[in-house]
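Peer 1:
Protein chains: 4
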Amino acid sequence: MERIQVALIGAGRMGQVHGPNAAAHPGLRLRYVIDPRDEAAAALAARLGAEAATLDAALADPEIRGVLVCSSTDQHLAHALAAVAAGKAVFCEKPIDLDLDKARAAAPQFAGARFLLGFNRRFDPHFQALKQRLDEGAIGALESLHIINHDPAAPPPGFVPTSGGLFKDFTIHDLDLARWLLGEEPVKLYATASCLVDPEIGRQGDVDTARTVLATASGRLCVISNTRRSGCGYDQRIEAFGARGMLCAGNPGLDTVQMLDASGVHAAPIHPGFASRYALAYARQLGHFADVLHGRADAAVGYADGLAALALAEACADSLRRGHAVAL
Amino acid sequence: MERIQVALIGAGRMGQVHGPNAAAHPGLRLRYVIDPRDEAAAALAARLGAEAATLDAALADPEIRGVLVCSSTDQHLAHALAAVAAGKAVFCEKPIDLDLDKARAAAPQFAGARFLLGFNRRFDPHFQALKQRLDEGAIGALESLHIINHDPAAPPPGFVPTSGGLFKDFTIHDLDLARWLLGEEPVKLYATASCLVDPEIGRQGDVDTARTVLATASGRLCVISNTRRSGCGYDQRIEAFGARGMLCAGNPGLDTVQMLDASGVHAAPIHPGFASRYALAYARQLGHFADVLHGRADAAVGYADGLAALALAEACADSLRRGHAVAL
Amino acid sequence: MERIQVALIGAGRMGQVHGPNAAAHPGLRLRYVIDPRDEAAAALAARLGAEAATLDAALADPEIRGVLVCSSTDQHLAHALAAVAAGKAVFCEKPIDLDLDKARAAAPQFAGARFLLGFNRRFDPHFQALKQRLDEGAIGALESLHIINHDPAAPPPGFVPTSGGLFKDFTIHDLDLARWLLGEEPVKLYATASCLVDPEIGRQGDVDTARTVLATASGRLCVISNTRRSGCGYDQRIEAFGARGMLCAGNPGLDTVQMLDASGVHAAPIHPGFASRYALAYARQLGHFADVLHGRADAAVGYADGLAALALAEACADSLRRGHAVAL
Amino acid sequence: MERIQVALIGAGRMGQVHGPNAAAHPGLRLRYVIDPRDEAAAALAARLGAEAATLDAALADPEIRGVLVCSSTDQHLAHALAAVAAGKAVFCEKPIDLDLDKARAAAPQFAGARFLLGFNRRFDPHFQALKQRLDEGAIGALESLHIINHDPAAPPPGFVPTSGGLFKDFTIHDLDLARWLLGEEPVKLYATASCLVDPEIGRQGDVDTARTVLATASGRLCVISNTRRSGCGYDQRIEAFGARGMLCAGNPGLDTVQMLDASGVHAAPIHPGFASRYALAYARQLGHFADVLHGRADAAVGYADGLAALALAEACADSLRRGHAVAL
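Chains as they are written, first to last, in UniProt numbering: chain U, 1 to 328; chain W, 1 to 328; chain H, 1 to 328; chain F, 1 to 328.
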C-alpha cells in the first residue's frame with residue numbers, strides 16, 4: 001500500500017493522540033510536525049520519525065496530501081482553511097470553532113473539500129456496534145435515546161474561559177452522537193444545568209452538571225447527561241429504546257477479573273479517561289482519514305456536521321440562559 | 001403474634017395483589033372482602049379464607065382495625081375517608097385521587113390518621129439497597145438521578161380515559177421516587193412527550209413516551225424516562241450520581257443462566273410486568289402496614305406524599321401543555 | 001383445592017425449612033409435628049398451626065396421607081420405612097442413610113411406594129432453566145460438566161463424626177446433579193481431596209477441599225468442585241459444555257445494585273447460605289410433593305436415585321483412600 | 001531509546017504474530033526474516049520493513065542481538081540452540097520440543113543464556129491482574145484453581161500427527177499457568193479424556209476433551225478443563241479459590257453492547273480465537289523480550305519452565321494411558 005504523506009499541525013494533547021496513529025498507519029507517512037513551540041514540534045517529530053516544519057513549508061510541499069489540524073481550538077478554522085486552500089485533505093479536531101457565525105461564514109470555502117471532523121465517538125467500536133444493530137432493525141423503530149457523558153474529574157483552573165463552556169466543549173460530542181443516531185434533526189431542545197462540582201467553574205460563568213432533552217419532528221426524544229466529575233472514571237454510555245426492545249453500549253472495564261469476598265463482588269474500574277477509553281476509536285478515525293486520502297471512502301463526518309453540532313450547543317446555552325425550551 | 005383483623009375494599013387487580021399478602025401475613029387476619037361485584041368479592045374471599053361483606057358492615061365491626069383501599073381510582077379518596085372516619089388505619093393504593101384540588105381539600109381529615117399510601121417502589125429491595133448506600137454516603141453528596149420506568153406493553157384500549165393520563169397514572173411513581181431519593185423538593189420541572197407507541201393513545205388525548213427533568217433549589221437534577229411499551233419487559237432502573245461515584249439499581253433477570261453460542265451470550269429476559277417484578281415490594285409494603293397496625297412503625301409514605309406527587313404530576317402535564325419549564 | 005393432611009417428623013434445621021412450606025401450601029394441611037424433644041415439637045407446631053404428636057399416633061391417623069421425614073440422618077430410613085408401611089406417601093430428606101448396604105437391603109420395601117427424596121437442587125429455578133435449555137438442545141449434545149458446590153464456612157466442631165464425611169454429606173448433592181444432567185450413568189470416577197480449611201476436620205478423619213472427576217460410557221466428563229469454606233458465600237454454579245456452546249447457571253446476587261467509585265465496580269455478595277439460596281427450590285420441592293399427593297405427578301427423585309448417589313459417594317471415598325480412579 | 005536489532009526465524013502463523021509486534025516496538029528493529037520458503041520470508045520482510053536472510057547470515061551479523069524462534073515445532077530446539085551458540089538472546093515459541101528427553105539433554109547449553117519461552121498467557125492483562133491480586137493476598141492463601149482452556153473449533157485434518165497430542169500441544173499452556181499460579185510444584189496428577197469432537201482425532205490416536213487434576217505437596221488442587229471445540233468461541237478463564245474468597249478472570253466480550261428484546265438479554269460473542277484474544281498478551285510478551293534485550297529485566301519464563309511444563313504434559317499422557325493417577 002502506498003504511504004500517503006501527511007502533516008500534523010499541533011504537538012499538544014490531541015497531536016500526541018493523532019500523530020502516533022498517523023505514524024503507525026500502513027497507508028500513511030507522517031512527514032511533518034508543525035507547532036509554534038519549536039521544541040514541542042521537534043520532540044514529537046523525533047519520536048514519530050517525522051521532521052519539524054513551518055506551516056507554509058508543509059502546505060507548499062506537493063507530496064503532502066493530508067493535514068491533521070490539532071492546534072488550539074481558536075486556530076482550528078484558520079488552519080483548516082489554509083490546508084483546504086492548499087488543496088490538502090483535512091482532518092480537523094472538533095470543534096471547528098467556538099463562534100457559530102464565523103464557522104457558518106467559512107462554510108462555502110469547504111464546499112467540495114475532503115474534510116473529516118474529529119467526532120471520535122462515531123468510531124468507537126462499542127458505539128458502532130450499537131449503531132449497526134439499530135440500523136439492522138434489531139429493536140425496531142428508534143423512539144428514544146439516553147447519552148451519558150460524564151468526565152472523570154473537574155478540569156484544571158483556567159480551562160473554562162477558553163473552553164467555550166460545557167455545551168460547546170463537552171456536550172457537543174453528545175449532540176453529534178444524537179444527530180448520528182436519531183436519524184432526524186432535533187426541532188426542539190431544553191437544557192438545564194447546575195454548578196455542583198466546583199464553585200470556581202460557576203464563578204467563571206460556566207456549569208458542570210447538565211441535562212439536555214432534544215425532540216425531533218416525529219417525536220423521538222433524546223436525553224443527554226453530562227457532568228464534569230463522575231468520581232468513578234470516564235462514564236460513556238448510550239441507551240437506545242425502540243419499538244421491540246433496547247440496546248445499551250456500556251463501559252468496558254479495565255480487565256475482566258472479579259473478586260468475591262465476604263463484602264461482595266468487586267470488579268475493575270471503568271476507564272480513567274478519554275485517552276485509554278477511546279484509543280481504538282482514535283485509531284479507527286485516523287484509519288478512516290487514510291481511507292479518504294486513498295479514495296476508498298468519503299468523509300463520514302463533514303463540515304456541515306460540525307456546524308449542526310455547534311448550532312445545537314449554542315441552543316443549549318440559549319435554553320439554559322432563558323430557562324426554557326427553544327425551537328430550532 | 002396477635003393477628004390484627006383487616007378488611008379489603010376491591011377485589012380487582014390490586015386487591016388480588018394485596019389480599020393474598022394480607023392473608024399470608026402472620027400478624028394480620030384478612031377478615032372481609034368488599035366489592036360492588038358480589039361474585040368477585042365472594043370468589044376472592046373464599047380463596048383467601050375471608051368473607052364477603054358490605055363496606056358499612058366492615059367499618060362497623062370494631063374488630064376490624066385496618067382497611068386496604070384497592071377500589072377503582074375514583075373511589076380511593078371516598079373509601080379512605082370513610083375508613084379514617086371509622087377510626088381504622090388505612091392502606092390506600094395510589095393515587096389518592098386524580099383531582100389535586102379535591103385531594104388537597106380532604107387533607108385536613110387525614111390529620112392524625114394512620115395512613116399508608118401505596119407507592120410500592122419504596123419497598124423494593126433493590127431500590128431500598130440503593131437508598132441505603134446513598135444514605136450511608138457511599139457516593140458522597142447526591143448530584144443527579146436517572147429514573148427509568150418503562151412499561152412492557154401498551155395498555156388496553158379504553159384504559160386511557162379513566163387513567164388520569166401518563167403523568168398521574170404512571171410517572172407519579174417516579175415523581176415519588178425522585179422526592180424520596182433527592183432529599184429536596186423540586187423547584188422547577190420540564191416535561192416533553194410524544195405519542196409513538198399507539199396512535200390510539202394520542203387520539204384519546206394522552207402521550208406514551210416522555211422525559212421529565214426536575215431541578216431542586218440546590219441544583220440537583222433528575223431525569224425521569226417513561227414509555228408505555230419497552231418491547232423487552234418491565235424496565236425499572238435507578239441511577240444515582242454523586243460526588244464520589246455512582247449507584248445503579250438494575251433489572252433482576254428471571255434466572256441466572258447464560259447461554260453462549262456462536263452468535264453471542266444470551267441471558268433470560270427481565271421481568272415481564274409489575275406483578276412479578278414487585279412481588280417482594282408488595283409483600284414488604286403490606287408488612288410495613290402490619291407494623292403500623294401493631295404500633296411498631298409510623299407510615300413511611302403519608303397523605304402529604306401523595307399530594308406532593310400528584311402536584312408534580314399536574315405540573316408535568318402543565319409543562320407539556322405549555323411547551324416549557326414550570327416553576328413549582 | 002383439597003388440603004391433604006401431612007405430618008412432619010423432625011423439628012430441627014430441615015423441619016424448620018419444610019414445615020413452613022407445607023403449612024403455606026394451598027394443597028396441603030400440616031397437621032402434626034413429631035419430635036422426640038417435646039418442646040421443639042410443640043413450638044414448631046404452634047408456630048405453624050399444627051399439633052405435636054407421637055409418630056405412632058400420626059401414622060395411625062387415616063387422614064394423614066403424607067409424611068415429611070426431617071429427622072436426624074440416622075433415623076431417615078427407619079422413619080421412611082415406617083411411613084411407607086403405614087401406606088403414606090413420603091418426602092424424605094437426603095441422604096436415605098449413610099450405610100449403602102443397609103439402604104440397598106431396604107430397597108424392596110420401597111417398591112411401589114410414593115417416595116420423594118430431598119435432592120432440592122433439582123428444584124432450583126436456575127438449575128431447572130439450565131436443564132430445560134440443555135434438553136431443548138440449545139447447546140447440542142452435552143460433552144462435559146462442571147458443578148461447583150462451595151459452602152460458605154467450615155461446619156461447627158462435632159459435625160464431622162456424624163456427617164458421613166464430605167462425600168456422603170455434601171458431594172452427594174453434586175453426584176445427584178451429575179446423574180440428572182449427564183443423561184448417562186458414570187462408569188469411572190476419580191476423587192482427590194485435601195484438608196486446607198480446618199485441621200480439626202483432618203484430625204477427625206475427613207477432608208474439606210475436593211475435586212471429583214466422573215466419566216460416562218460414551219465419554220462425557222464431569223468435574224465436581226467442593227470446599228467447606230469459600231470465604232465469599234454459598235457458591236453454587238453449574239457449567240455445561242456441548243457441541244454448539246455452553247450453559248452456565250450463576251450465583252444470584254442479593255440485590256442488583258452496583259456501586260462504582262474510584263476503586264472499581266462493587267456489587268452485593270452472593271447468598272450467604274443454603275436457606276436463602278435455595279428457599280425457592282425448597283418451596284418448589286414441597287410443591288412437587290403436593291403434586292405427588294394429589295396424583296398430579298410421579299416423584300421426580302426416587303429411592304433408586306438415593307441409592308445411586310450414595311453408591312457414587314462411597315466410590316469417591318474409595319477412590320480417595322486408594323489414590324486412584326475406580327470403575328463403577 | 002536505542003532500537004536493538006532482531007531477527008525472526010519463521011514467517012508462518014506465529015511469525016506473523018510476533019514479527020509485527022517486533023517491528024512496531026520502539027526499542028527494537030526487526031532486521032531479518034528467515035524462512036526456508038523464500039517467498040514467505042520476502043513477503044513478510046517487505047511488509048515489516050525488514051529483509052529476507054539466511055539463518056547463517058543473520059546469526060553472523062554482530063548487530064543482531066536477539067532472535068525470535070517461530071519456526072515449526074520440530075525446529076524450535078535446533079534454532080534456539082544455534083542462536084544461543086551465536087550469543088544471541090532468544091525468544092522461543094512453545095514448546096521447546098515434543099521430546100522431553102531431548103529437551104532435557106539440551107538444557108545445559110542454555111545455562112546462562114537469555115532465553116524467553118513463549119507462554120503468552122502469563123502476559124495476558126486479565127490473567128496478570130488476577131495474579132497480582134492473588135499475590136497481594138486479596139483472597140488469602142490459595143487453595144484451589146480452575147483453568148478453562150477451550151478452543152473454538154476442531155483443528156484441521158492432518159494437524160494431529162505433528163502436534164504432539166492434546167496435552168503437549170494445548171494443555172501445556174494450562175500446565176504452565178498452573179505452575180505460575182499455584183506457587184508450588186504439582187506432586188500428583190490425574191488426567192482423563194475422550195474423543196467427542198471429531199472421531200478422526202480419535203482415529204489418529206489423540207483425544208479432544210480432557211480434564212486434568214493436579215495436587216501439590218501442601219494439598220492445593222487444580223483442575224484443567226480442555227476441549228478442542230467449544231462451539232461458542234475461545235473460552236479462556238481462570239478461577240482461583242482462597243481462604244477469604246475467589247478471583248475469576250473471565251472472557252472479554254467483543255463489545256459492550258447489550259440488546260434486550262422479548263426473548264432475553266443478548267451480548268456479543270467472546271473472542272473467536274487466540275489471535276484477537278491474546279493480541280495484547282503477545283505484544284506485552286514481545287515488550288518483555290525487548291526489556292530483556294535492553295537489560296531491564298530477566299526473562300520471566302525460562303528454559304526450566306519449558307521443561308517442567310513438558311514433563312507435566314507427558315505425565316498427563318501417561319496418566320491417561322494407564323487410567324489412573326501418577327506421582328510426579
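Backbone N, C-alpha and C fix where the C-beta goes; we use that ideal spot for every residue, glycine too.
What did DSSP end up calling P20(H) once you bin it into helix, strand or coil?
Peer 2: For the purposes of this step, residue 20(H) is taken as residue 20 along the third sequence, with counting starting at 1. Residue state, collapsed to three classes: helix.
Peer 1: Just the C-alpha distance for K102(H) and A311(H), rounded to the nearest angstrom, thanks.
Peer 2: The sequence position of residue 102(H) within the third sequence is 102, counting from 1. The sequence position of residue 311(H) within the third sequence is 311, counting from 1. Rounded to the nearest angstrom, the two C-alpha atoms are 12 Å apart.
Peer 1: Looking only at its chain, what residues have a beta carbon closer than 7 Å to the beta carbon of T54(U), apart from the 5 residues adjacent to it on each side?
Peer 2: Indexing the first sequence from 1 puts residue 54(U) at position 54. So the qualifying residues of the chain are I34.
Peer 1: Who are the near neighbours of L100(U) in its chain, counting only those whose CB is closer than 7 Å to its CB and skipping five residues on each side?
Peer 2: One-based indexing of the first sequence puts residue 100(U) at position 100. Same-chain partners within the cutoff: L310, A311, E314.
Peer 1: Is the shortest distance between the beta-carbon of I172(U) and the beta-carbons of chain H less than 8 Å?
Peer 2: In the first sequence, the residue the question calls residue 172(U) occupies position 172. No - not a single Cβ of chain H is within 8 Å of the one on I172(U).
Peer 1: Per DSSP, what kind of secondary structure is K94(F) in: helix, strand or coil?
Peer 2: As a working note, residue 94(F) is residue 94 in the fourth sequence. In the structure shown, K94(F) sits in coil (DSSP, three-state: anything other than H, G, I, E or B).
Peer 1: Could you name the residues of the region 244-266 of chain U whose beta carbon sits closer than 8 Å to any beta carbon of chain H, in the order they occur along the chain?
Peer 2: The residues in question are G253, L260, D261, A262, S263, G264, V265, H266.
Peer 1: CB S71(U) to CB I9(U), shorter than 8 Å?
Peer 2: Counting from one through the first sequence, the residue named residue 71(U) turns up at place 71. Counting from one through the first sequence, the residue named residue 9(U) turns up at place 9. Yes, Cβ-Cβ distance for S71(U) and I9(U) is below 8 Å.
Peer 1: Is there a Cβ of chain H sitting closer than 8 Å to that of R296(W), yes or no?
Peer 2: Along the second sequence, one-based indexing puts residue 296(W) at 296. No, R296(W) lies away from the interface with chain H (no Cβ there is under 8 Å from its Cβ).
Peer 1: Kindly identify the DSSP beta-bridge partner or partners of E239(H).
Peer 2: Indexing the third sequence from 1 puts residue 239(H) at position 239. According to DSSP, E239(H) bridges with H146(H), C248(H).
Peer 1: If you draw a straight line from the C-alpha of H294(U) to the C-alpha of W180(U), how long is it?
Peer 2: Here residue 294(U) refers to the residue found at position 294 of the first sequence. Here residue 180(U) refers to the residue found at position 180 of the first sequence. Rounded to the nearest angstrom, the two C-alpha atoms are 25 Å apart.
Peer 1: Closer than 9 Å, Cβ to any Cβ of chain F: which residues of the region 213-244 of chain W, in chain order?
Peer 2: Answer set for the region 213-244 of chain W: S230, G231, C232, G233, D235.
Peer 1: Among all the DSSP beta bridges, which residues are the ones paired with C222(F)?
Peer 2: Looking up residue 222(F) in the fourth sequence gives position 222. The partner list for C222(F) (beta bridge, DSSP) reads L145(F), L214(F).
Peer 1: Given that a residue counts as buried once 16 or more other Cβ atoms are within 10 Å of its Cβ, and exposed if not, what is R229(F)?
Peer 2: Start at 1 with the first residue of the fourth sequence, and residue 229(F) comes out as number 229. With 16 or more other Cβ atoms within 10 Å, it is buried.
Peer 1: Which full runs of the alpha helix (DSSP H) of 4+ residues lie inside the region 8-75 of chain W, going along the chain?
Peer 2: Within the region 8-75 of chain W, the complete alpha helix (DSSP H) runs of at least 4 residues are 15-24, 38-48, 55-60.
Peer 1: In three-state DSSP terms, what is residue 388(W)?
Peer 2: One cannot answer for residue 388(W) here, as it falls past the ends of chain W, which runs 1 to 328.
Peer 1: If you reduce the DSSP assignment to three classes, tell me which class Q5(H) lands in.
Peer 2: In the third sequence, residue 5(H) corresponds to position 5, counting from 1. The answer is strand: DSSP assigns Q5(H) an E or B state.
Peer 1: Just checking my contact of residue 329(F) with A215(F) at CB under 8 Å: how many whole Å lie between their CB atoms?
Peer 2: Lying before the first or after the last residue shown, residue 329(F) is absent from chain F, which here runs from 1 to 328.
Peer 1: Any contact of the region 196-205 of chain F with the region 152-161 of chain F, i.e. 3+ C-beta pairs under 8 Å?
Peer 2: Yes, the region 196-205 of chain F touches the region 152-161 of chain F.
Peer 1: Closest by CA to A268(F), which one among A57(F), M259(F), C195(F)?
Peer 2: Against the fourth sequence, residue 268(F) aligns to sequence position 268. Of the candidates A57(F), M259(F), C195(F), the one whose C-alpha sits nearest the C-alpha of A268(F) is M259(F).
Peer 1: Roughly how many whole angstroms lie between the Cα atoms of D38(F) and Q236(H)?
Peer 2: Residue mapping note: residue 38(F) aligns to position 38 of the fourth sequence, counting from 1. Residue mapping note: residue 236(H) aligns to position 236 of the third sequence, counting from 1. Each residue's Cα considered, the two are about 56 Å apart.
Peer 1: In three-state terms, what does DSSP make of Y278(W)?
Peer 2: In the second sequence, the residue the question calls residue 278(W) occupies position 278. Looking at Y278(W) - three-state DSSP - the assignment turns out to be coil, as it is neither helix nor strand.
Peer 1: Assuming C92(F) and A105(F) make a contact with CB atoms under 8 Å, what is their CB distance in whole Å?
Peer 2: Numbered from 1 along the fourth sequence, position 92 holds the residue referred to as residue 92(F). Numbered from 1 along the fourth sequence, position 105 holds the residue referred to as residue 105(F). Actually they do not touch by this definition, with Cβ atoms about 16 Å apart.
Peer 1: List, in chain order, every chain W residue whose beta-carbon is nearer than 8 Å to that of I270(F).
Peer 2: Here residue 270(F) is taken as the residue at index 270 of the fourth sequence, counted from 1. In chain order: L260, V265.
Peer 1: Nearest chain H C-beta to E200(F) closer than 8 Å, yes or no?
Peer 2: Walking along the fourth sequence from the start, residue 200(F) turns up at place 200. No, because no Cβ of chain H sits closer than 8 Å to the Cβ of E200(F).
Peer 1: I need the boundaries of the alpha helix (DSSP H) containing L181(U), first residue and last residue.
Peer 2: In the first sequence, the residue the question calls residue 181(U) occupies position 181. From DSSP, the alpha helix (DSSP H) with L181(U) extends over 172-182.
Peer 1: Report yes or no: is there a C-beta of chain H within less than 8 Å of the C-beta of K126(W)?
Peer 2: To locate residue 126(W), count along the second sequence from 1; it is residue 126. Sequence check: residue 126(W) is His here, not Lys. Yes - at least one Cβ of chain H is within 8 Å of the one on H126(W).
Peer 1: Going by the CB atoms, is the gap between Y303(F) and L117(F) shorter than 8 Å?
Peer 2: Mapped onto the fourth sequence, residue 117(F) falls at position 117. Mapped onto the fourth sequence, residue 303(F) falls at position 303. In contact: L117(F) and Y303(F) (Cβ atoms closer than 8 Å).
Peer 1: State yes or no: is the C-beta of A327(W) within less than 8 Å of the C-beta of V187(W)?
Peer 2: As a working note, residue 327(W) is residue 327 in the second sequence. As a working note, residue 187(W) is residue 187 in the second sequence. Result yes, Cβ atoms of A327(W) and V187(W) sit closer than 8 Å.
Peer 1: Mind pulling the chain U residues with CB within less than 9 Å of I139(F)?
Peer 2: One-based indexing of the fourth sequence puts residue 139(F) at position 139. Chain U residues near I139(F): M259, L260, D261.
Peer 1: Distance, Cα to Cα, A281(H) vs N21(H)?
Peer 2: Locating residue 281(H) in the third sequence gives position 281, where the first residue counts as 1. Locating residue 21(H) in the third sequence gives position 21, where the first residue counts as 1. In a straight line, the C-alpha of A281(H) is about 11 Å away from that of N21(H).
Peer 1: Would you decide whether G87(H) is buried or exposed? Buried here means 16 or more other CB atoms lie within 10 Å of its CB.
Peer 2: Counted from its first residue, the third sequence places residue 87(H) at position 87. Counting Cβ neighbours within 10 Å, G87(H) comes out exposed, since fewer than 16 surround it.
Peer 1: Where does T227(W) fall in DSSP's three states?
Peer 2: The residue given as residue 227(W) occupies position 227 in the second sequence. T227(W): strand per DSSP, three-state reduction.
Peer 1: I'd like the span of the alpha helix (DSSP H) that includes S319(H), first residue to last.
Peer 2: On the third sequence, residue 319(H) is found 319 positions in, with the first residue counted as 1. Taken as a continuous stretch (DSSP letters only), the alpha helix (DSSP H) holding S319(H) covers 303-322.
Peer 1: What does the alpha-carbon distance come out to for the pair G12(F) and L44(F)?
Peer 2: Your numbering for residue 12(F) matches position 12 in the fourth sequence. Your numbering for residue 44(F) matches position 44 in the fourth sequence. Approximately 9 Å, taken between the alpha carbons.
Peer 1: By DSSP, does S163(F) sit in helix, in strand, or in coil?
Peer 2: As a working mapping, residue 163(F) is identified with position 163 in the fourth sequence. In the structure shown, S163(F) sits in a helix (DSSP, three-state: H, G or I).
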